[in-house]
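Reviewing the structure listed below.
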Amino acid sequence: MAIINENEMRQDAVLSVAKQMVIASRTAPKARGLNTIGVSVLTGSDIQALASKMLEIGEDEDNHIFIRDAGNVKNSAQAVVLVGTKIQSIGLKTCGLCGFKDCAVKDKHPDVPCAFNTGDLGIAIGSAVSVAMDCRIDNRIMYTIGLAAKKMGLLGKDYKIIYGIPMSASSKNPFFDRKK
106 MAIINENEMR
116 QDAVLSVAKQ
126 MVIASRTAPK
136 ARGLNTIGVS
146 VLTGSDIQAL
156 ASKMLEIGED
166 EDNHIFIRDA
176 GNVKNSAQAV
186 VLVGTKIQSI
196 GLKTCGLCGF
206 KDCAVKDKHP
216 DVPCAFNTGD
226 LGIAIGSAVS
236 VAMDCRIDNR
246 IMYTIGLAAK
256 KMGLLGKDYK
266 IIYGIPMSAS
276 SKNPFFDRKK
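Its first residue numbered 106, the sequence shown is counted upward by one per residue in our numbering.
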């Protein structure tokens, strides 16, 4: 009979759940069935590089939230799931949810997100974190991770809005009850 170390099991479990979160994000409902969502998982040295970028942003912008989150990610994240969206209209003749009359007018403003892009992103993120919750994996949705990931090009240049979900299997969720 072999003895399996708890730390190995926890890391394996976190990575397994991260993969399930990717699938949940991918299969989440999307407007008109169009795929504007991108998802990746970071582990090991990629997490450390991400945390370094977050720290750099925090120091450059004098923003303590990035510095705090960088420490949480560096010291506690066993995996990080990135979920992002492209900015792409979905071709509706009548809508206006983005503030423009229709998709044809919106397309003249390529940096303005389509309301459906951000809605689909929210649904994909919600699907992902529900998997983590069901598996009792500690997590939190962080825009600070997403901005650093975007600056690093981790999902590719087409993904303009990104969030990150750090994951941990520990005695207490390290991503909540943090010092300001």
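Just so it is clear, CB atoms sit at the ideal spot from N, CA and C, and this is done for glycine as well.
query: Reduced DSSP category for S145 - H, G, I as helix; E, B as strand; rest coil; result: strand
query: Stretch pair the stretch 172-189 + the stretch 247-255: three plus CB contacts closer than 8 Å; result: yes
query: Coarse secondary structure for G201, derived from DSSP in three states; result: coil
query: Sequence-distant residues of the same chain with beta carbon closer than 7 Å to C219, five excluded per side; result: I192, Q193, S194, I195, C203, K211
query: Distance cut-off 6 Å: I108 Cβ against heavy atoms of the ligand NAP; result: As for the ligand NAP, it is missing from this structure, which has no ligand bound.
query: Cβ-based burial, I142 [other Cβ within 10 Å; buried from 16]; result: buried
query: Cβ neighbour criterion (16 or more within 10 Å) applied to D243; result: buried
query: CA-to-CA distance, R241 to T190, given in whole angstroms; result: 26 Å
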